[in-house]
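Data block below; observations after.
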Amino acid sequence: MNDSDLNSLEVDVVVAGGGNAALTAAASAAEAGASVAIIEAAPRIMRGGNSRHTRNMRTMHEAPTGVLVEAYPEQEYFDDLMRVTGGITDETLARMVIRGSGAAVAWLESHGLRFQPALGGTLSLARTNAHFLGGGKALVNALYRAAEAAGACIFYDAPITALDIEGGRFKAAVVEHGGKPLRIAGRVLIAGAGGFEANIDWLREYWGPPADNFLIRGTPYNRGAVLKMLLEAGAAQVGDPKQCHAVAIDGRAPKFDGGIVTRVDAVPFGIVVNNKALRFYDEGEDFWPKRYAIWGRLVAAEDGQVGHVIIDSKPVGRFMPPVFPPIVADTIGELAVKLGVDAPTLEKTLRDFNAACRAGSFDPNRLDDCRTEGLAPAKTHWAMPIDKPPYRAYSLRPGITFTYLGVKVDASARMQMADGKPSDNIFAAGEIMAGNVLGKGYLAGIGMTIGAVFGRIAGTEAAKHVRG
Numbered sequence: 067m068n069d070s071d072l073n074s075l076e077v078d079v080v081v082a083g084g085g086n087a088a089l090t091a092a093a094s095a096a097e098a099g100a101s102v103a104i105i106e107a108a109p110r111i112m113r114g115g116n117s118r119h120t121r122n123m124r125t126m127h128e129a130p131t132g133v134l135v136e137a138y139p140e141q142e143y144f145d146d147l148m149r150v151t152g153g154i155t156d157e158t159l160a161r162m163v164i165r166g167s168g169a170a171v172a173w174l175e176s177h178g179l180r181f182q183p184a185l186g187g188t189l190s191l192a193r194t195n196a197h198f199l200g201g202g203k204a205l206v207n208a209l210y211r212a213a214e215a216a217g218a219c220i221f222y223d224a225p226i227t228a229l230d231i232e233g234g235r236f237k238a239a240v241v242e243h244g245g246k247p248l249r250i251a252g253r254v255l256i257a258g259a260g261g262f263e264a265n266i267d268w269l270r271e272y273w274g275p276p277a278d279n280f281l282i283r284g285t286p287y288n289r290g291a292v293l294k295m296l297l298e299a300g301a302a303q304v305g306d307p308k309q310c311h312a313v314a315i316d317g318r319a320p321k322f323d324g325g326i327v328t329r330v331d332a333v334p335f336g337i338v339v340n341n342k343a344l345r346f347y348d349e350g351e352d353f354w355p356k357r358y359a360i361w362g363r364l365v366a367a368e369d370g371q372v373g374h375v376i377i378d379s380k381p382v383g384r385f386m387p388p389v390f391p392p393i394v395a396d397t398i399g400e401l402a403v404k405l406g407v408d409a410p411t412l413e414k415t416l417r418d419f420n421a422a423c424r425a426g427s428f429d430p431n432r433l434d435d436c437r438t439e440g441l442a443p444a445k446t447h448w449a450m451p452i453d454k455p456p457y458r459a460y461s462l463r464p465g466i467t468f469t470y471l472g473v474k475v476d477a478s479a480r481m482q483m484a485d486g487k488p489s490d491n492i493f494a495a496g497e498i499m500a501g502n503v504l505g506k507g508y509l510a511g512i513g514m515t516i517g518a519v520f521g522r523i524a525g526t527e528a529a530k531h532v533r534g
């Protein structure tokens, strides 16, 4: 069925995409007896979309588990989500994600994925996030094995060039495969092809020229082709097109596919300044897993889309080091020269910050009482004077992980049409529908949870639709 000489094929379920959500859906549908074709735009070596770069998923649990400590009950999880999204979420779907998260972990374990013991330290995730042993590539490999074992056929290096949809009903996908068009007809389409973060031209429509300075943390294959086709076919749109999972990453990262190792986690332990050497946001607002995904957008709003995080020697070893070494200097003036910012201004910014720090009991594992006073913007936690050389800095750029513009779905993962009616046979899971839950902001690991939970729902419902 992978023969490049084919010009047409018919299956029960066509799955667009090759990451966590798509593969979970494909395996679930195939295990329920449906014939499944997985359409992955990337070549095999690059398969898996953004899931290749992930590490964990946020998981509700009422008691300690083999991989998580203490408890993380539903209401706390939901409250955390409401805090980061500002309440912009579909509560029904959000609670479905939360309630289904524990079962998703068990399902992944039953399909060959192993989880590592709970992690301690300053990431504060030992209670909330189950980490994949071997990271995202281990997850992707396990899911591909599971889908193939269940009978799914896989087409790599096969971008979808057209979707045949009439009146909200899917008929077939046309893909470019082996240099030739291949029409794959199906009784159901599951859209799991991600957002449009790798499409700079599309980003520019909403962000303007600053989009040219964005770095894309994930796959270069998420260009939004399937999303655009669905919206043009009359799908109901959900999500603000300017909202996205965007973190501050090292400015030396590649344009695409730098992954999680380019993220800079030093922010809570220092200060962040712009190209004018001025602070512009509270670096200690909340625990890093609840705030790291706002920093990409913050940096994107600054001149040149650049920021600089500055620390001294005290917090070294307290955060996960990025792949690039810091810029190091013995004085703040020397550091300013290396960063290309005005030295007297940066020195004053540091003096003012240090003078505003109020002594407290520094504790990276709680919202401590080390704060500034009389400084705007304030640093509300983990505020310690930056006064022990050598000084270190990382220059930052916005690192876009995935976009929140997507298609609206209901509790069965069925795609909704702009006319208010459900699609007859199109379902969606993962980043392409994450905007239903993530109106803005991000909670570490919840993207993978959305994909895993709604992937299972979409696959199960697709198989039911096929059976009739």
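Residue numbers (the numbering used here): 67 to 534. From the three backbone atoms N, C-alpha and C, an ideal C-beta is built for every residue, glycine too. Because the structure is a prediction, the values reported are computed rather than measured.
Cut-off 6 Å between Cβ atoms - residues of its own chain near residue i, not counting five sequence neighbours on either side
{"i": "P464", "result": "F280, A312, G362, V365, A366, Q371"}
{"i": "A170", "result": "A518, V519"}
{"i": "G234", "result": "M483, S489, D490"}
{"i": "I220", "result": "I104"}
{"i": "R437", "result": "R424, T446, A449"}
{"i": "Y358", "result": "V313"}
{"i": "A529", "result": "A95, A98, A100"}
{"i": "P307", "result": "Y272, L471"}
{"i": "E106", "result": "G84, R113, Y222"}
{"i": "G525", "result": "A91, S94, A95"}
{"i": "G305", "result": "Y470, L471, G472, G501"}
Given residue i as reference, the closest of the options once Cα atoms are compared
{"i": "A444", "options": "G258, R424, M148", "result": "R424"}
{"i": "E351", "options": "L344, A319, N420, I337", "result": "I337"}
{"i": "G284", "options": "G234, C219, G115, G168", "result": "G115"}
{"i": "R552", "options": "G83, G99, P276", "result": "With the chain represented from 67 up to 534, any question about residue 552 goes unanswered, as that position is not in the structure."}
{"i": "K474", "options": "L293, A422, N122", "result": "L293"}
{"i": "T90", "options": "D267, L209, F419", "result": "L209"}
{"i": "I452", "options": "G507, V382, R113", "result": "V382"}
{"i": "A215", "options": "E368, V79, A92", "result": "A92"}
{"i": "T201", "options": "M123, L229, P130, V254", "result": "One point to set straight first is that residue 201 is Gly, not Thr, in the sequence displayed. Comparing Cα-Cα distances from G201 to each of M123, L229, P130, V254, the minimum goes to M123."}
Buried versus exposed call for residue i [16 or more other C-beta atoms within 10 Å across all chains shown]
{"i": "A95", "result": "buried"}
{"i": "L199", "result": "exposed"}
{"i": "P391", "result": "exposed"}
{"i": "R432", "result": "exposed"}
{"i": "I111", "result": "exposed"}
{"i": "D348", "result": "buried"}
{"i": "D78", "result": "buried"}
{"i": "A302", "result": "buried"}
{"i": "S167", "result": "buried"}
{"i": "S117", "result": "buried"}
{"i": "P334", "result": "buried"}
{"i": "N86", "result": "buried"}
Opening and closing residue of the beta strand (DSSP E) in which residue i lies
{"i": "M123", "result": "122-124"}
{"i": "Y457", "result": "457-469"}
{"i": "E242", "result": "235-243"}
{"i": "R253", "result": "246-257"}
{"i": "F314", "result": "In the sequence as presented, Phe is not what sits at residue 314; that position holds Ala. Here the beta strand (DSSP E) through A314 covers 310-316."}
{"i": "P488", "result": "488-494"}
{"i": "M481", "result": "480-482"}
{"i": "V79", "result": "74-82"}
{"i": "E232", "result": "226-232"}
{"i": "V102", "result": "102-105"}
{"i": "V292", "result": "Taken as a continuous stretch (DSSP letters only), V292 belongs to no beta strand (DSSP E), being part of the alpha helix (DSSP H) at 291-298."}
Residue span of the alpha helix (DSSP H) that contains residue i, given as start and end
{"i": "E413", "result": "409-422"}
{"i": "S94", "result": "86-97"}
{"i": "N207", "result": "201-215"}
{"i": "A524", "result": "512-533"}
{"i": "I164", "result": "157-176"}
{"i": "G399", "result": "398-405"}
{"i": "V150", "result": "140-151"}
Neighbourhood of residue i by C-beta distance below 8 Å, restricted to the same chain and skipping five residues each side
{"i": "L147", "result": "T155, A160, I164, V503, L509, I512"}
{"i": "A204", "result": "L179, R180, F198"}
{"i": "M67", "result": "Residue confidence is low: M67 scores 44 on pLDDT, short of 50, so the model does not pin down where it sits. Its coordinate-derived value is still stated next. Contacts found: L75, A103, C219."}
Nearest-angstrom Cβ-Cβ length linking residue i and residue j, presumed shorter than 8 Å
{"i": "I498", "j": "G261", "result": "7 Å"}
{"i": "D521", "j": "A500", "result": "For the record, residue 521 in the displayed sequence is Gly; it is not Asp. Actually they do not touch by this definition, with Cβ atoms about 12 Å apart."}
{"i": "V241", "j": "A224", "result": "4 Å"}
{"i": "G30", "j": "L462", "result": "What the structure shows of the chain is the stretch from 67 to 534, and residue 30 is not part of that stretch, so it cannot be assessed."}
{"i": "M514", "j": "T194", "result": "The pair is not a contact, with the Cβ atoms about 13 Å apart (cut-off 8 Å)."}
{"i": "R458", "j": "V394", "result": "5 Å"}
{"i": "L255", "j": "A82", "result": "7 Å"}
{"i": "S478", "j": "I523", "result": "7 Å"}
{"i": "P355", "j": "L191", "result": "6 Å"}
{"i": "Q309", "j": "K454", "result": "So it is not a contact: roughly 38 Å between Cβ atoms."}
7 Å CB neighbourhood of residue i in its chain, flanking five on each side removed
{"i": "L412", "result": "V339, A343, I398, A402"}
{"i": "P276", "result": "A366, Q371"}
{"i": "P286", "result": "A264, F322, D323"}
{"i": "A291", "result": "P225, I226"}
heavy atom of the ligand MN below 7 Å from residue i C-beta
{"i": "D156", "result": "Absence of the ligand MN from the depicted structure is noted, as is the absence of any ligand whatsoever, leaving it without description."}
Test: residue i CB closer than 8 Å to a CB of chain C
{"i": "P488", "result": "Included in the structure is just one protein chain, with no chain C present."}
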